[in-house]
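Its first residue numbered 25, the sequence shown is counted upward by one per residue in our numbering. These notes concern the structure reproduced below.
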Amino acid sequence: MDVGGGPRPTGRPRTRREVRAPGRAVVVTVLRAPSAARVGWRLVIEPALRSLSWSLICERDGAGGPGAPAEHRVWAGRHEHPEKWRSLLEGLVPHDDAVWDGPLADPRAELAVARELGAALLPRALREGLSADGDAVHTLTVATRGWCAAVPWDALVVDASDTRLLERCRILTEAHPLAAVGRAPAAHRPPPAPGEPDGVVVLDPGPLTDEDPTLAPLYPAGLPPELRDLGQGADLHLSGRDGLGSAELGAVLRERPWARFLYAGHVRPGWPKDPGNVALVLSDGQAADLLPAYDWLDRPDTWPAPERVALIGCGSGDGRASEDVGLPLAALRAGAQLVTATRWVLPADLSEHEPNFTRLVRAVHAAHASTDPVGALRDWQLTELHRWRSSGYALHAPLTWAATTTTVLPDVGEVG
25 MDVGGGPRPT
35 GRPRTRREVR
45 APGRAVVVTV
55 LRAPSAARVG
65 WRLVIEPALR
75 SLSWSLICER
85 DGAGGPGAPA
95 EHRVWAGRHE
105 HPEKWRSLLE
115 GLVPHDDAVW
125 DGPLADPRAE
135 LAVARELGAA
145 LLPRALREGL
155 SADGDAVHTL
165 TVATRGWCAA
175 VPWDALVVDA
185 SDTRLLERCR
195 ILTEAHPLAA
205 VGRAPAAHRP
215 PPAPGEPDGV
225 VVLDPGPLTD
235 EDPTLAPLYP
245 AGLPPELRDL
255 GQGADLHLSG
265 RDGLGSAELG
275 AVLRERPWAR
285 FLYAGHVRPG
295 WPKDPGNVAL
305 VLSDGQAADL
315 LPAYDWLDRP
325 DTWPAPERVA
335 LIGCGSGDGR
345 ASEDVGLPLA
355 ALRAGAQLVT
365 ATRWVLPADL
375 SEHEPNFTRL
385 VRAVHAAHAS
395 TDPVGALRDW
405 QLTELHRWRS
415 SGYALHAPLT
425 WAATTTTVLP
435 DVGEVG
């Protein structure tokens, strides 16, 4: 069933500037582009026990040139009994050694899932609007939580030609409503001196050995060359080899106003009823030393966040719980304006010749170092999508490239 079957506007478009959806206030994010019409979409999906409510808002700048009136339209609907889609999502990314046996790593199964979820979760008005107005610059901001947060939005099919959502628009995850409330002020960042790094990169900082696979090193033999030279002198590299606990990380982040912070390593999941326990896995050189989201939220000045933060680990995004209080919110409250995280469990590199995780880290790092991080990461994802279509190789599977989710605070302006 298509969620586009809800009420559709007739006659003159509605002009209300605010629409309340479950647990969220309206925030429409649009891309600044002087040569093209800008269209901002906001999709809110609120799962309940036996139903699924949704609302869709479209705001379009005047297409008739400067001074032309903007368009504002609203749709809403509800689904009863969405259990089928929930069951499908729960089996989307298997855990442990079976992670490569799921549908996101099989071309035929992945396309079938993308078609079904696209028809089910993307309102018809959105799909038709994106397809009919291809010359405009579209940005979709998704606000959801719980099981819907695991949807591979970027990969969903939007039309009969199997066009993916990623090919029609930029896709952002809406910030938690509390992200901008009482957040740490952005630190003034003077340009770095010649030869001085302006970013912090933390790679595989967990304990050197551990029987728990969720804590053991991602790279037991040491970092591959593709990560050892990451940033080429533009970043300060830190790892757990010499001991990098939460206190040491905080000292580095307080040292000066950095431009970027990238973490790539294990993320300990939070408990279902206590999502704030999700944590970055660091190490004192021997045992694991965790940095829980609760601690980061409670003491943002201890771990001040640069403008751009990347948290690349298993399910580092905080939307899966009913209360999305996790690492992205902590980073935003600590000063970040743009946070890239992940939706689900990430597989380690398949092999030396199939470095899927390593390539993801490099892509996110390059995007965050660019002038347009959202656009740069999307370009990489589009390249991976095209390779996936043509080859079907696991190295290019959506299991990796569709896992990312980026949140931009509305006042960032041109950064995203």
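C-beta atoms are modelled at their ideal positions from N, C-alpha and C, and glycine is treated no differently.
In angstroms with no decimal places, state the Cα-to-Cα distance between threonine 428 and leucine 401. Walking along the sequence shown from the start, residue 428 turns up at place 404. Walking along the sequence shown from the start, residue 401 turns up at place 377. Cα-Cα distance, rounded: 9 Å.
On the three-state DSSP scale, how would you describe proline 379? By 1-based counting over the sequence shown, the position of residue 379 is 355. Here proline 379 sits in coil by DSSP.
Please give me, in chain order, every unbroken run of the beta strand (DSSP E) with length at least 3 that falls completely inside the segment 312–364. 312–316, 332–336
Is the number of C-beta pairs between the segment 403–412 and the segment 420–434 that are closer than 8 Å three or more? yes
Is leucine 76 buried or exposed, if buried means 16 or more other CB atoms sit within 10 Å of its CB? The residue labelled residue 76 in the question sits at position 52 within the sequence shown. With 16 or more Cβ atoms within 10 Å of its Cβ, leucine 76 is classed as buried.
Rounding to the nearest angstrom, what Cα-Cα distance links leucine 180 and proline 131 in this structure? Translated into the one-based positions of the sequence shown, residue 180 becomes position 156. Translated into the one-based positions of the sequence shown, residue 131 becomes position 107. Computed Cα separation, rounded: 13 Å.
Can you tell me which of Leu321, Ile81, Asp85 puts its alpha carbon nearest to the alpha carbon of arginine 97? Locating residue 97 in the sequence shown gives position 73, where the first residue counts as 1. Minimum Cα distance to arginine 97 is reached at Ile81.
According to DSSP, residues forming a beta bridge with alanine 173: Taking the first residue of the sequence shown as 1, we reach residue 173 at position 149. Alanine 173 pairs with nothing; no bridge assigned.
In three-state terms, what does DSSP make of valine 305? Counting from one through the sequence shown, the residue named residue 305 turns up at place 281. Three-state DSSP puts valine 305 in a strand.
Per DSSP, which residues does histidine 410 bridge with? Please list them. Residue 410 sits at position 386 when you count from the first residue of the sequence shown. In the DSSP output, where bridge partners are listed per residue, histidine 410 has none listed.
In terms of DSSP beta bridges, what is proline 71 paired with? By one-based count along the sequence shown, residue 71 stands at place 47. Leu76, per the DSSP bridge assignment.
Short of 8 Å in beta carbon distance, which residues of its chain neighbour glycine 206, apart from the five on each side in sequence? Order them along the chain. Translated into positions along the sequence shown, residue 206 becomes position 182. Counting only Cβ-Cβ distances below 8 Å, and skipping sequence neighbours, we find Arg357.
Roughly how many angstroms separate the alpha carbons of proline 231 and arginine 413, rounded to a whole number? What you label residue 231 is simply residue 207 of the sequence shown in a count that begins at 1. What you label residue 413 is simply residue 389 of the sequence shown in a count that begins at 1. Distance between the alpha carbons of proline 231 and arginine 413: 38 Å.
Find the nearest neighbour of leucine 227 within the set Leu321, Ile336, Arg188, judged by alpha-carbon distance. If you number the sequence shown from 1, residue 227 lands on position 203. Taking only the C-alpha atoms, the option nearest leucine 227 is Ile336.
Just to check my reading of the structure: valine 432 and valine 398 have Cβ atoms closer than 8 Å, yes? What is that Cβ distance to the nearest angstrom? Your numbering for residue 432 matches position 408 in the sequence shown. Your numbering for residue 398 matches position 374 in the sequence shown. Contact flag correct, Cβ pair sits at about 7 Å.
With DSSP run on the structure shown, which of helix, strand or coil describes glycine 64? The count along the sequence shown starts at 1 and reaches residue 64 at position 40. Reduced to three states, the DSSP call for glycine 64 is strand.
Which residue comes first and which comes last in the alpha helix (DSSP H) that contains arginine 139? Translated into positions along the sequence shown, residue 139 becomes position 115. Segment 131–145, the alpha helix (DSSP H) holding arginine 139.
Taking buried to mean at least 16 other C-beta atoms within 10 Å of its own C-beta, is serine 415 buried or exposed? Here residue 415 refers to the residue found at position 391 of the sequence shown. Per the 10 Å Cβ criterion, exposed.
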